[in-house]
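**Student:**
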Amino acid sequence: MPADESLERPRERPKLDTLGQLTGTALAYFVMGAVALALIDLVFVLPTGRDFGQTSGWIAALPTVWVYTDQFRRYAGGSRWAVMLLGVVLGLGAGLAAAIVAPTSWPPMLSGGLGGLAAALVYGGLWHAGVKTFGEERSA
Numbered sequence: 026m027p028a029d030e031s032l033e034r035p036r037e038r039p040k041l042d043t044l045g046q047l048t049g050t051a052l053a054y055f056v057m058g059a060v061a062l063a064l065i066d067l068v069f070v071l072p073t074g075r076d077f078g079q080t081s082g083w084i085a086a087l088p089t090v091w092v093y094t095d096q097f098r099r100y101a102g103g104s105r106w107a108v109m110l111l112g113v114v115l116g117l118g119a120g121l122a123a124a125i126v127a128p129t130s131w132p133p134m135l136s137g138g139l140g141g142l143a144a145a146l147v148y149g150g151l152w153h154a155g156v157k158t159f160g161e162e163r164s165a
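Sequential numbering of the sequence shown, starting at 26, is according to the working numbering.
Written as structure tokens, this is what we have:
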């Protein structure tokens, strides 16, 4: 009986080499987080009677952290720390700016979601540019 190759080696995750792949994956994770947040908020709205959308939308951006954590582990060297810290600071700054500029009539879920999305996209762009310039990819 022939040996099954899938049992012999661990399954590798696809690499996110281009900015489009990284951004698309981060957007997909953000959408999944937003859907999960809306469902969870709905579960708590129905029995309590409070208004829908009063939960912070920043929570929707949390799944994008998994995408960027995998990217961080993919690279070696000290420069990844500097790129990560700069990306976090500028990403959070952009996210806060987007959330502050959002109309006050928007519920916290919408304005926070806009801020989280801005933070995730800014971080992704900075991360991609930084690791392509300074990053040292780990060898398998």
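The C-beta atom is built at its ideal place from N, Cα and C for all residues, glycine as well.
#1: State the DSSP-derived secondary structure class of alanine 86, mapped to helix, strand or coil.
#2: Verify the contact flag: valine 68, CB atom, against every heavy atom of the ligand ADP, threshold strictly below 7 Å.
#3: For threonine 50 and leucine 44, what's the separation of their Cα atoms in angstroms?
#4: Using 8 Å for Cβ pairs, my map puts alanine 143 next to glycine 112. What's the rounded Cβ distance?
#5: Is glycine 141 near alanine 86, with beta carbons less than 8 Å apart?
#6: Between Gln96, Gly116, Lys157, Gln79, which has its C-alpha nearest serine 130's C-alpha?
#7: Please specify which runs of the alpha helix (DSSP H), each continuous and at least 4 residues long, are wholly inside the segment 100-165, giving them in chain order.
#8: Return helix, strand or coil for arginine 98, following the three-state DSSP convention.
#9: Can you name the start and end residues of the alpha helix (DSSP H) that aspartate 66 belongs to?
#10: Taking 8 Å as the CB-CB cut-off, is glycine 118 touching chain C?
#11: What separation, rounded to the nearest whole angstrom, lies between the Cα atoms of alanine 123 and arginine 163?
#12: Which word fits arginine 75, buried or exposed, when buried means at least 16 other C-beta atoms lie within 10 angstroms of its C-beta?
#13: Leaving aside the five residues before and after tyrosine 93 along the sequence, list all residues of the same chain whose C-beta is less than 6 Å from its C-beta, in chain order.
**Tutor:** A quick look at the data gives this:
#1: The sequence position of residue 86 within the sequence shown is 61, counting from 1. In the structure shown, alanine 86 sits in a helix (DSSP, three-state: H, G or I).
#2: Although the ligand ADP was asked about, the structure shown includes no ligands whatsoever.
#3: Indexing the sequence shown from 1 puts residue 50 at position 25. Indexing the sequence shown from 1 puts residue 44 at position 19. The alpha-carbon atoms of threonine 50 and leucine 44 are separated by roughly 10 Å.
#4: One-based indexing of the sequence shown puts residue 143 at position 118. One-based indexing of the sequence shown puts residue 112 at position 87. Between glycine 112 and alanine 143 the Cβ distance is about 13 Å, and since that is not below 8 Å, they are no contact.
#5: As a working mapping, residue 141 is identified with position 116 in the sequence shown. As a working mapping, residue 86 is identified with position 61 in the sequence shown. Yes, the pair counts as a contact, with Cβ atoms nearer than the cut-off.
#6: Taking the sequence shown and counting its residues from 1, one reaches residue 130 at position 105. Considering only Gln96, Gly116, Lys157, Gln79, the residue with the shortest C-alpha distance to serine 130 is Gln79.
#7: Taking only runs of at least 4 residues, the alpha helix (DSSP H) segments lying wholly in the segment 100-165 are 104-126, 133-159.
#8: One-based indexing of the sequence shown puts residue 98 at position 73. The answer is helix: DSSP assigns arginine 98 an H, G or I state.
#9: As a working mapping, residue 66 is identified with position 41 in the sequence shown. Run containing aspartate 66: 44-73, per the alpha helix (DSSP H) assignment.
#10: Given the protein chain composition of this structure (a single chain), no chain C is represented.
#11: For the purposes of this step, residue 123 is taken as residue 98 along the sequence shown, with counting starting at 1. For the purposes of this step, residue 163 is taken as residue 138 along the sequence shown, with counting starting at 1. Between alanine 123 and arginine 163, the C-alpha separation is close to 35 Å.
#12: One-based indexing of the sequence shown puts residue 75 at position 50. Exposed: under 16 other Cβ atoms inside 10 Å.
#13: For the purposes of this step, residue 93 is identified with residue 68 of the sequence shown, where counting begins at 1. Contacts found: none.
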